[in-house]
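Engineer: In my numbering, the protein residues as written are 3 to 914.
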Amino acid sequence: MPRPGPAAPSELVERLRDSERRLAVIADTSPAAVITADHAGVITGWNRKAEEIFGWPADEAVGQTMADTIVPRRHRRAHERGLARQRETGEAKILGKAVQMMARHREGREFPVELVISAGSESGGRLGYVAFVTDITLRRESERLRAAQFAVTRPLATSTTWSEAAPQVIRGICDILGWARGEFWAIDRGGDRLRLEHGWHRPARDLDEFSRLVTDISQICGRGLLGRVAQSGRALAIADLAQDLDSPHAGPAGHAGLHAAFAFAIDNGRQVTGVLAFYRREARSLDRATLRVLSDMGSQIGQFIERRRAEEALRRSGERMRAVLDNVADGIITVDEQTLIRTINPAAQRLFGCEAEDVVGTDVVMLVDEEHRVDLRARLRSYLEREGSMSLAFHETVGRRRDGSTFALEFVASRIGPARLLIGSLRDISDRKAETEALQYQALHDPLTGLANRTFLRDRLEQAVRAGERELKPHGVLLLDLDGFKAINDAFGHASGDIVLKEVARRIRGVLRKVDTVARLGGDEFAVVPFGATDVPRAVVIADKIGQALRAPMLLDGQPVEVTASIGIAVHPQHGDAADALLRHADVAMYAAKRARSGYCIYLEEQEESAGARQPLIGKLGHAIQQFELQAHYQPLVEVRSRRVTKVEALIRWGHPRHGLLPPDDFIPAAEQTDLIKPLTAWVLNEALGQLHAWRRTGLELGMSVNLSARNLLDDELPDTVEELLETWQVDPRLLTLEITERSILAAAADDTVTRLRASGVRISVDDFGTGYSSFAYLKRLPLDEIKMTSSPTATTPRSCVPPSTWPTTWAWRWSVKASRTRRRGDCWRSTAATWSRATTSAPPSPQPGWSPGCASGSARPRPPPADLFAAGDEGERAVRDAFAPLASGPPRPCRKVGCRRDRPDLEGRRP
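And the structure:
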């Protein structure tokens with residue numbers, strides 16, 4: 003093929019123009035600014051991107067030098083020196099290289115660009131330039147933001163608290179982003195104010211002053227830049243703080259030359275907890291992308307603060323927990339699913355006498371006694387294998403210390419979270435178990451004697467009844483009550499009474515087997531439930547043993563005291579088929595024994611009928627007084643030396659329409675516990691004085707004795723009542739003797755009442771002297787006229803005769819003879835008989851005396867007393883009975899009607 007010939011000149015020109023047009027299109031569509039310049043730096047080409055980046059239109063830029071348009075002023079000399087060197091040497095350092103530098107916008111601001119310069123040709127063969135310029139402002143900003151994020155992340159990663167990281171974070175942002183000062187403001191708990199916590203600024207005097215001023219600023223949420231960020235949670239920027247009129251920072255910032263500011267919220271994901279704010283001297287605004295990145299940084303910081311706070315709280319909680327575990331009194335251990343000990347606190351180490359390294363990793367069952375290990379391991383594995391939540395599991399076992407000693411151990415287990423891990427609380431409960439056992443013992447035993455109490459006895463009796471029903475064998479219960487215990491308490495005091503009760507308990511316990519149950523039911527009442535089969539004969543043998551054990555005297559304050567008991571016996575099933583019935587029937591039998599003074603009684607239905615019939619009598623006693631059912635009986639008292647009846651003793655009887663004539667023991671004790679004793683005593687005094695009045699009208703001069711109770715001595719109105727009745731019946735007070743038992747005086751502490759009664763002119767006599775454990779020293783203080791002795795005094799003649807020289811000469815001694823029981827005491831009475839002004843004996847009481855007035859006047863004298871009146875033993879007692887038999891024999895004489903109820907005054911004192 004033939005080669006084409008050379009193109010015509012016109013064709014070449016056209017081709018060149020097409021090429022230039024294509025190059026122009028390429029240059030205009032280039033993402034970079036394309037600038038061409040000649041060797042002197044004069045701009046010859048300026049594409050559209052160059053217009054956009056630098057702000058110069060092409061027609062204005064072309065023809066100007068690059069130094070005048072895009073090179074910052076501070077770099078112009080360096081630029082011109084480079085051009086000159088290239089012209090002279092043909093060398094250029096930056097040709098063909100990508101160089102980053104600062105460029106100048108037409109408005110004068112500088113921005114970063116990346117510059118690539120290539121060499122070109124000019125017309126005339128001189129070298130020209132083609133520059134490709136890219137605005138890298140966004141790239142630089144992105145890099146700075148990434149650097150700022152790193153400046154935030156690094157201290158957050160290496161610091162343990164926000165207080166430690168905050169100064170580093172603030173300084174890093176200021177350095178990288180080019181801000182002069184940064185601050186962290188925390189939102190207070192109320193949520194309405196911010197307080198400055200951390201700040202940093204570049205060294206400058208005006209910034210120091212700014213820092214000082216803002217420290218005292220009270221920043222309110224919702225006001226100013228910081229307040230709006232805190233309220234909204236969004237990052238905000240302001241180009242000139244002077245325009246933020248409601249910001250408290252505006253004034254101080256203006257004085258410090260700070261203009262631009264931006265702030266972003268510290269958000270932990272739930273709430274805004276603070277604000278980071280930054281200031282710079284040059285006015286500058288931030289784009290949304292930058293603010294968005296800053297907001298992300300705020301969230302990162304907020305989460306860090308929250309995490310660190312949680313970690314700090316957890317650390318402190320752990321420290322507190324460790325402090326608690328180290329100081330708690332209970333031992334704490336953790337156990338894994340193999341029942342191996344993971345941790346053990348100091349208390350547990352002390353509890354078992356070991357060190358942590360000795361037991362960690364060992365089986366927990368090694369902490370308990372060998373015989374309990376299998377049970378504990380099974381329990382722990384059961385706890386570990388349970389599904390779902392597990393409540394506290396309590397277990398009591400026996401712990402074993404390192405030295406081999408054992409103790410009562412409480413193990414409280416609970417699972418920790420979803421892991422198969424147990425936490426166990428260990429406690430030595432030896433003291434608690436001892437206290438519990440002591441409380442149980444106290445609940446079932448009498449604190450004074452150590453015997454079983456009523457609850458314990460009832461349980462044992464119920465067991466005995468059930469055993470009897472199974473075995474078809476009898477089982478019994480014995481109830482006993484001490485006789486005269488109240489008198490011992492009154493005479494010697496309650497402390498001595500307690501000694502007696504403890505000695506009684508010891509003696510009863512001493513004659514019974516250990517398996518027998520002995521109980522104190524309260525007061526002076528005891529009970530016995532023999533172990534095993536117990537029929538009536540065996541119960542009687544036990545009662546005899548108890549009686550013999552109590553028979554020996556006890557020493558109280560150096561004085562021998564005899565204590566006896568009344569015992570009631572009831573046997574299952576003969577006397578009842580239940581514990582309650584047996585106790586009730588034994589109680590009935592006990593009171594029957596007390597009435598009969600027989601020592602013991604076996605339950606009979608007749609006893610219960612008698613007791614049950616008399617129980618409601620006290621409720622009818624008031625009615626009996628009003629209906630004249632009471633009767634006064636009189637017992638004559640005879641002087642031994644003169645053998646004359648000089649006095650009678652008024653005794654009360656109750657003529658019950660259903661039960662017949664009742665003795666005073668059936669109703670007087672009950673009346674003493676109520677106010678009925680007052681009208682009852684008034685009735686007796688009125689009857690007795692009325693009888694004296696009637697006898698006086700017949701010429702019979704006799705004295706009258708009336709008994710008073712301890713309850714009477716507590717009645718302040720009694721002396722007035724006596725004086726009123728004496729005046730009503732016109733009876734000489736000297737004829738009335740008020741007899742008070744020694745026990746009543748001791749029980750009532752009746753010094754004042756006795757003194758007032760004696761002042762009225764009546765005579766005061768102490769009855770039953772020697773049975774109340776009183777002393778002469780006490781009786782000497784009282785205005786007494788007579789001492790009436792029994793034949794067996796316990797306190798007045800314990801082992802030696804009381805010298806007569808010590809007795810007051812004003813006392814008249816009267817002895818109710820039943821004969822002395824020992825020859826030594828008989829000798830004592832006989833040796834002192836001459837000292838007594840009266841020694842009397844008595845005849846049986848009757849409604850009207852079975853003797854004539856002549857006996858009192860001396861016309862009918864009994865035969866003289868025999869010489870062995872004061873002999874010891876039964877001989878003396880028979881001698882007294884024989885000497886005074888005539889006084890109690892013979893039919894009673896008809897009673898004169900003078901002084902009967904219709905002739906006597908009522909209780910209000912009306913004269914007959």
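Glycine included, every Cβ here is placed at the ideal spot set by N, Cα and C.
The structure presented is a predicted model; accordingly, all values stated were derived computationally and were not measured.
Thinking H261 and L243 are a contact (beta carbons under 8 Å), I'd like their distance in whole angstroms, please.
Structural biologist: Counted from its first residue, the sequence shown places residue 261 at position 259. Counted from its first residue, the sequence shown places residue 243 at position 241. With 8 Å as the limit, H261 and L243 qualify as a contact, their Cβ atoms being about 6 Å apart.
Engineer: What does the alpha-carbon distance come out to for the pair A133 and A100?
Structural biologist: For the purposes of this step, residue 133 is taken as residue 131 along the sequence shown, with counting starting at 1. For the purposes of this step, residue 100 is taken as residue 98 along the sequence shown, with counting starting at 1. Spanning the two alpha carbons is a distance of roughly 10 Å.
Engineer: Taking only three categories from DSSP, how would you classify F354?
Structural biologist: Position 352 of the sequence shown, counted from the start, is the residue given in the question as residue 354. Here F354 sits in helix by DSSP.
Engineer: To the nearest angstrom, how far is it from the Cα of G601 to the Cα of D718?
Structural biologist: Here residue 601 refers to the residue found at position 599 when the sequence shown is read from its first residue. Here residue 718 refers to the residue found at position 716 when the sequence shown is read from its first residue. Rounded to the nearest angstrom, the two C-alpha atoms are 39 Å apart.
Engineer: How is the alpha helix (DSSP H) around L139 delimited, first residue to last?
Structural biologist: Residue mapping note: residue 139 aligns to position 137 of the sequence shown, counting from 1. It is worth fixing the name first, because residue 139 is Thr in this sequence and not Leu. First-last of the alpha helix (DSSP H) with T139: T139 to T160.
Engineer: In three-state DSSP terms, what is I189?
Structural biologist: For this step, residue 189 is matched to residue 187 along the sequence shown. Strand.
Engineer: Measuring CA to CA, which of L704, W48 and I268 is closest to T648?
Structural biologist: Counted from its first residue, the sequence shown places residue 648 at position 646. Among L704, W48 and I268, the Cα nearest to that of T648 belongs to L704.
Engineer: Going by Cα to Cα distance, which pick from R286, G276 and I425 is closest to N347?
Structural biologist: For the purposes of this step, residue 347 is taken as residue 345 along the sequence shown, with counting starting at 1. The shortest Cα separation from N347 among R286, G276 and I425 belongs to I425.
Engineer: Report buried or exposed for S384, applying the criterion of at least 16 other Cβ atoms within 10 angstroms of its Cβ.
Structural biologist: Taking the first residue of the sequence shown as 1, we reach residue 384 at position 382. Flag for S384 reads exposed.
Engineer: How many angstroms separate the CA atom of A60 from the CA atom of W48?
Structural biologist: Indexing the sequence shown from 1 puts residue 60 at position 58. Indexing the sequence shown from 1 puts residue 48 at position 46. Looking at the two C-alpha atoms, the distance is approximately 5 Å.
Engineer: How would you write the range of the beta strand (DSSP E) that K649 sits in, first residue to last?
Structural biologist: Position 647 of the sequence shown, counted from the start, is the residue given in the question as residue 649. Start and end: V647 to H658.
Engineer: For the alpha helix (DSSP H) holding W685, just list the boundary residues, first then last.
Structural biologist: Position 683 of the sequence shown, counted from the start, is the residue given in the question as residue 685. Start and end: I679 to R699.
Engineer: With DSSP as the reference, please indicate the residues paired to C176 in a beta bridge.
Structural biologist: As a first step, residue 176 must be located in the sequence shown, where it is residue number 174. The partner list for C176 (beta bridge, DSSP) is empty, contrary to what the question assumes.
Engineer: Does DSSP classify Y602 as helix, strand or coil?
Structural biologist: Residue 602 sits at position 600 when you count from the first residue of the sequence shown. Correct three-state label for Y602: strand.
Engineer: Taking the C-alpha atoms as reference points, what is the distance between G110 and H81?
Structural biologist: The sequence position of residue 110 within the sequence shown is 108, counting from 1. The sequence position of residue 81 within the sequence shown is 79, counting from 1. Approximately 18 Å, taken between the alpha carbons.
Engineer: Considering only residues of the same chain and omitting the five flanking positions on each side of A170, which have a CB-CB separation below 6 Å?
Structural biologist: The count along the sequence shown starts at 1 and reaches residue 170 at position 168. At residue 170 the sequence reads Gln, which differs from the Ala that was named. Result list for Q170: P157, in chain order.
Engineer: What is the rounded straight-line gap between the Cα of E641 and the Cα of D483?
Structural biologist: Translated into the one-based positions of the sequence shown, residue 641 becomes position 639. Translated into the one-based positions of the sequence shown, residue 483 becomes position 481. In a straight line, the C-alpha of E641 is about 38 Å away from that of D483.
Engineer: Suppose contacts are defined by Cβ-Cβ distances below 7 Å. Is T267 in contact with G224 by that definition?
Structural biologist: Numbered from its first residue, the sequence shown carries residue 267 at position 265. Numbered from its first residue, the sequence shown carries residue 224 at position 222. Before going on, a small fix: residue 267 reads as Ala here, not Thr. Their beta carbons are not under 7 Å apart, which means A267 does not touch G224 by this criterion.
Engineer: Across the region 556 to 576 and the region 469 to 479, are there enough close Cβ pairs to call them in contact, namely three or more that are closer than 8 Å?
Structural biologist: Judged by Cβ distances under 8 Å, the region 556 to 576 makes contact with the region 469 to 479, as three or more pairs qualify.
Engineer: Identify whether D269 lies in helix, strand or coil by the three-state DSSP scheme.
Structural biologist: Sequence index remark: in the sequence shown, residue 269 carries index 267 (1-based). It is a strand residue.
Engineer: Check the DSSP bridge columns for V370 and list the partner residues they point to.
Structural biologist: For this step, residue 370 is matched to residue 368 along the sequence shown. DSSP output for V370 lists G401 as bridge partner(s).
Engineer: Which parts of the region 235 to 263 are runs of the beta strand (DSSP E), unbroken and 3 residues or longer, counting only runs that do not cross its ends?
Structural biologist: Runs of the beta strand (DSSP E) inside the region 235 to 263: 238 to 240.
Engineer: Based on the DSSP output, what are the partners of Y131 in its beta bridges?
Structural biologist: Within the sequence shown, residue 131 is the residue found at index 129, counting from 1. Beta-bridge pairing links Y131 to A39 and A121.
Engineer: Specify, as a first and last residue, the run of the alpha helix (DSSP H) that Q732 falls within.
Structural biologist: Here residue 732 refers to the residue found at position 730 when the sequence shown is read from its first residue. Q732 -> no alpha helix (DSSP H), and no H or E assigned at all.
Engineer: For H661, which three-state DSSP category applies?
Structural biologist: As a first step, residue 661 is located in the sequence shown; it is residue number 659 there, counting from the start. Looking at H661 - three-state DSSP - the assignment turns out to be coil, as it is neither helix nor strand.
Engineer: With the cut-off set at 7 Å, would you say R78 and A69 are in Cβ contact?
Structural biologist: Stepping through the sequence shown from its first residue, residue 78 is reached at position 76. Stepping through the sequence shown from its first residue, residue 69 is reached at position 67. Closer than 7 Å, so yes.
Engineer: Could you tell me whether the Cβ atoms of G184 and W202 are closer together than 7 Å?
Structural biologist: Here residue 184 refers to the residue found at position 182 when the sequence shown is read from its first residue. Here residue 202 refers to the residue found at position 200 when the sequence shown is read from its first residue. Result yes, Cβ atoms of G184 and W202 sit closer than 7 Å.
Engineer: Taking L227 and S249 to be in contact with their CB atoms under 8 Å, please state how far apart those CB atoms are, rounded to whole angstroms.
Structural biologist: What you label residue 227 is simply residue 225 of the sequence shown in a count that begins at 1. What you label residue 249 is simply residue 247 of the sequence shown in a count that begins at 1. Right, the Cβ-Cβ distance comes to about 5 Å (below 8 Å), so this counts as a contact.
Engineer: Is the CB-CB distance between F306 and L288 below 7 Å?
Structural biologist: One-based indexing of the sequence shown puts residue 306 at position 304. One-based indexing of the sequence shown puts residue 288 at position 286. No, the Cβ-Cβ distance between F306 and L288 is not below 7 Å.
Engineer: Rank A535, L740, D500 and A436 by C-alpha distance to the C-alpha of L691 and give the top, closest one.
Structural biologist: What you label residue 691 is simply residue 689 of the sequence shown in a count that begins at 1. Of the candidates A535, L740, D500 and A436, the one whose C-alpha sits nearest the C-alpha of L691 is L740.
Engineer: Report yes or no: do three or more beta-carbon pairs, one from the region 487 to 496 and one from the region 586 to 599, lie closer than 8 Å?
Structural biologist: No: fewer than three Cβ pairs fall under 8 Å.
Engineer: Could you tell me the boundaries of the beta strand (DSSP E) in which I490 lies?
Structural biologist: Position 488 of the sequence shown, counted from the first residue, corresponds to residue 490. Not the beta strand (DSSP E): I490 falls in the alpha helix (DSSP H), residues F487 to F494.
Engineer: Please classify K95: is it buried, with 16 or more other beta-carbons within 10 angstroms of its beta-carbon, or exposed?
Structural biologist: As a working note, residue 95 is residue 93 in the sequence shown. Answer is exposed; the Cβ neighbour count stays below 16.
Engineer: Would you be able to state if there are at least three C-beta pairs under 8 Å between the region 450 to 463 and the region 503 to 519?
Structural biologist: The region 503 to 519, when compared against the region 450 to 463, does touch it at the 8 Å Cβ threshold.
Engineer: For L926 versus I604, is the C-beta spacing smaller than 7 Å?
Structural biologist: As displayed, the chain neither begins before 3 nor continues past 914, which places residue 926 out of reach and without an answer.
Engineer: Which word fits L441, buried or exposed, when buried means at least 16 other C-beta atoms lie within 10 angstroms of its C-beta?
Structural biologist: Taking the first residue of the sequence shown as 1, we reach residue 441 at position 439. Flag for L441 reads exposed.
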